[in-house]
Amino acid sequence: MTNEEGPTADSPDEGAPAGSLLLDDQLCFALYAAQRAVTAAYRPLLEALGLTYPQYLVMLVLWERGELTVKELAGTLRLDYGTMSPLLKRLESAGLVHRERSVLDERSVLVAVTGRGEELRERAECVPSALLAGTRLTADEVERLRADLRRLTSMLPTVSTPK
Numbered sequence: 007m008t009n010e011e012g013p014t015a016d017s018p019d020e021g022a023p024a025g026s027l028l029l030d031d032q033l034c035f036a037l038y039a040a041q042r043a044v045t046a047a048y049r050p051l052l053e054a055l056g057l058t059y060p061q062y063l064v065m066l067v068l069w070e071r072g073e074l075t076v077k078e079l080a081g082t083l084r085l086d087y088g089t090m091s092p093l094l095k096r097l098e099s100a101g102l103v104h105r106e107r108s109v110l111d112e113r114s115v116l117v118a119v120t121g122r123g124e125e126l127r128e129r130a131e132c133v134p135s136a137l138l139a140g141t142r143l144t145a146d147e148v149e150r151l152r153a154d155l156r157r158l159t160s161m162l163p164t165v166s167t168p169k
């Protein structure tokens, strides 16, 4: 039976409890609770580096890819400019990144890691393994979970990214 309007009480999505409004049956709550738990697990590791979780994500992208525009950073992290600007300002104040207008396009601002930011990278290298150890998951379990989450993300409608 095909239902163009989506699931109903007569034709629920396969695998979902029919008509369940129980909190523990909601995918969104499971993801929310997991995200909060993971962020809390990162907190002490990142505090030792003087970073917040969003700042850590910015640094990860810059360490991986090098100099990027604010637009590229925002798109990669799925953050809007209103969030990116204060994040970058704090990282710049801490001496970890440098921002400057692009010579090729004055509308674009380039962000790059400073020498101090590169030094922080060395101290941050223990963070992923420390977090993994705290989860008590195997590397294979973590990779499967990551793959499932990427798949879920790709299947959901995309949120508009900053232009």
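Numbering (my numbering), first residue to last: 7 to 169.
Cβ coordinates follow ideal geometry from the N, Cα and C atoms, glycine included.
- Item | Residue span of the alpha helix (DSSP H) that contains glutamate 106, given as start and end | Here glutamate 106 belongs to no alpha helix (DSSP H); instead the beta strand (DSSP E) covers 103–107.
- Query: Exposed or buried, which one is glutamine 1 when buried takes at least 16 other CB atoms within 10 Å?
  - Reply: Since the displayed the chain opens at 7 and closes at 169, residue 1 lies outside it and no answer follows.
- Query: If you draw a straight line from the C-alpha of proline 18 to the C-alpha of threonine 159, how long is it?
  - Reply: Confidence in proline 18 is poor, its pLDDT being 46 and thus under 50, which makes the residue's placement unreliable; the coordinate value appears in the next sentence. Computed Cα separation, rounded: 22 Å.
- Message: Give the list of continuous beta strand (DSSP E) stretches no shorter than 3 residues that lie fully inside the segment 76–156.
- Response: 103–107 and 115–119
- With histidine 104 and threonine 82 assumed to form a contact (beta carbons below 8 Å), what rounded beta-carbon distance in angstroms separates them? Wrong, their Cβ atoms sit about 18 Å apart, outside the cutoff.
- Query: Hey, quick one: how far does the alpha helix (DSSP H) through leucine 51 stretch, first residue to last?
  - Reply: It spans 33–53 - the alpha helix (DSSP H) in which leucine 51 sits, taken as one unbroken run.
- DSSP-derived helix/strand/coil call for glutamine 74: The amino acid occupying residue 74 in the given sequence is leucine; glutamine does not appear at that position. Here leucine 74 sits in strand by DSSP.
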